[in-house]
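No gaps in the numbering here: position 106 of the sequence shown is 106 in UniProt numbering, and each next residue is one more. Even for Gly, the Cβ is constructed at its ideal location relative to N, Cα and C. Here is the structure we will look at.
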Amino acid sequence: MKNLGNMLKEAQKLQARMAEMQQKLAESEMTGLAGGGLVSVTLNGKGEMRKVKIDPSLVDPNEVEVLEDLIVAACNDAKSKIDAHLQAEMGKLTGGLPLPPGFKLPF
1 MKNLGNMLKE AQKLQARMAE MQQKLAESEM TGLAGGGLVS VTLNGKGEMR KVKIDPSLVD
61 PNEVEVLEDL IVAACNDAKS KIDAHLQAEM GKLTGGLPLP PGFKLPF
């Protein structure tokens with residue numbers, strides 16, 4: 001029973017650290033770039049868009065599709081950075097233990 005009590009204490013510590021990590025991730029921001037930095041998109045740790053920045057040289061009514069593609073590319077770049085950051089933080093939290101495939105925390 002002593003081992004069970006220790007396991008429960010460790011689980012509670014892990015849960016508290018997980019909640020702290022979720023809060024820190026929600027407050028973090030990642031910026032994705034496209035078009036050599038002419039378009040940037042900033043997302044928070046939850047994947048919510050916070051800022052879009054477009055170089056004025058791209059604003060051409062005849063090339064709206066290019067601008068739209070660059071915004072999508074910048075969003076995808078920012079999202080991949082968030083995912084990489086999340087994986088790194090989860091690795092710290094789990095002590096490097098690999099999570100089962102498809103097991104996503106904290107979201």
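If you ignore the 5 residues before and after Asp55, its C-beta comes within less than 6 angstroms of the C-beta of Leu38, all in its own chain and listed in chain order.
Taking C-beta atoms as the reference points, Asn44 and Glu29 count as a pair closer than 7 angstroms.
Taking the C-beta atoms as reference points, Gly36 is found no nearer than 7 angstroms to Asp77.
Of Gly95, Thr94, Met90, the smallest CA-CA separation from Lys24 is found for Met90.
Assignment of beta-bridge partners to Gly32 by DSSP yields Val41.
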